[in-house]
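Numbering (my numbering), first residue to last: 591 to 877.
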């Protein structure tokens, strides 16, 4: 009797073990180890720099071998720095219910991308002997992708040339890089002057650097906004000068069809047509 009971118990455990083994194998076979497959109508995409994520996902689908259509899990994971100017790689991912991740990479071109632009809002003029000058006080940099890059501007001092015993010209180089790795540079000339020159009336401009696309147009007289003297600006309506008749503009070889950096000079004259002060506008013609 005891032997019979022992055999029944042994048989019971054998059956349980067999059932467990079969169940375990079936569960293992049901596990999903395959990531979703991502497809795109095109491996290249052209968008604007302000395109939302939905537009970057345009023409893409994701399918899983078990869960079926998982397109709604598609996301933009990251964006590369520029491969070439205005062109990046966008990395995508899609997920299934088993947390498998499928990935995809395609090339995206920003059709309206332009490099970072510098903005200079006052003439780079100072009285000789002035200390503690903050050359970047009235200079900013804007980027169509990152917005303001003012805090990223780097400045280096170039060659200084004496004009007289009390005046000199100092070159400074500006550099700024956006998050995509595109760098813009600009050379400015700082004028260190005696007070008589610094206080002389000169044309005032609303901005001292401007950017124009190749083949574009520019209203040079439209930059005038008054008369500058000793760091202060007087609107034309409060001054003795007329923006149309008292200021001559010398384009200095400006060619809007040839990319490059040009300097346009504005010369102020008094009623006797005697030359007074000048202002310079840097025009950057972009390719």
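All C-beta atoms, glycine included, are put in the ideal place defined by N, C-alpha and C.
Rounded straight-line distance, which links the Cα of residue 690 to that of residue 616 | Confidence at residue 616 is low in this model, with a pLDDT of 47, below 50, so its placement is unreliable and the value that follows should be read with caution. Cα to Cα, the separation comes out at about 20 Å.
Closest Cα partner of residue 813 within the set 674, 821, 793 | 793
Which runs of the alpha helix (DSSP H), 4 residues or longer, sit entirely within the region 728 to 815?
-> With a minimum length of 4 residues, the continuous alpha helix (DSSP H) runs that stay inside the region 728 to 815 are 785 to 788.
If you follow the alpha helix (DSSP H) that residue 646 is part of, which residue opens it and which one closes it?
-> 643 to 646
Cutoff 7 Å; reference residue 919; Cβ partners in own chain excluding five residues on either side | Nothing can be reported for residue 919, as the shown portion of the chain is limited to 591 through 877.
Span of the beta strand (DSSP E) around residue 860 = It is not in any beta strand (DSSP E) - residue 860 carries neither H nor E in the DSSP assignment.
When DSSP builds the beta bridges, which residues end up paired with residue 681?
-> 668, 695
Buried versus exposed, by CB contacts within 10 Å (16 or more), residue 707 | buried
Which residue's Cα is closest to the Cα of residue 682: 655, 647, 711, 639?
-> 647
Candidates 845, 781, 871, 841, of which the one nearest residue 716 by Cα = Nearest option by C-alpha distance: 781.
Is it buried or exposed for residue 714, if we count other Cβ within 10 angstroms and need 16 for buried?
-> Buried: at least 16 other Cβ atoms inside 10 Å.
Going along the chain, which residues of its own chain have a beta-carbon closer than 8 Å to the beta-carbon of residue 702, five neighbours each way excluded?
-> Cβ within range, chain order: 638, 639, 734.
Taking all protein chains shown into account, decide if residue 654 is buried (16 or more other Cβ within 10 angstroms of its Cβ) or exposed.
-> buried
Residues that DSSP places opposite residue 876 in a beta bridge | 803
Measuring alpha carbon to alpha carbon, tell me which of 766, 723, 872, 786 ends up nearest residue 741.
-> 766
Which same chain residues, not among the five before or five after residue 778, have their C-beta less than 6 Å away from its C-beta?
-> 714, 762
Could you check if residue 798 is buried or exposed, using at least 16 other CB atoms within 10 Å of its CB as the buried criterion?
-> Residue 798 should be labelled buried.
Using the Cα positions of residue 688 and residue 736, report the straight-line distance between them to the nearest angstrom.
-> In this structure, the alpha-carbon of residue 688 lies about 37 Å from that of residue 736.
Is the beta carbon of residue 824 less than 8 Å from the beta carbon of residue 871?
-> The answer is no: Cβ separation not under 8 Å.
Proximity winner among 831, 699, 684, relative to residue 693 (alpha-carbon distances) = Looking only at 831, 699, 684, the smallest Cα-Cα distance to residue 693 is reached by 684.
On a CA-only basis, which of 722, 875, 785 is nearest residue 757? Give me that one, please.
-> 785
Closest by CA to residue 634, which one among 645, 625, 626, 624?
-> 645
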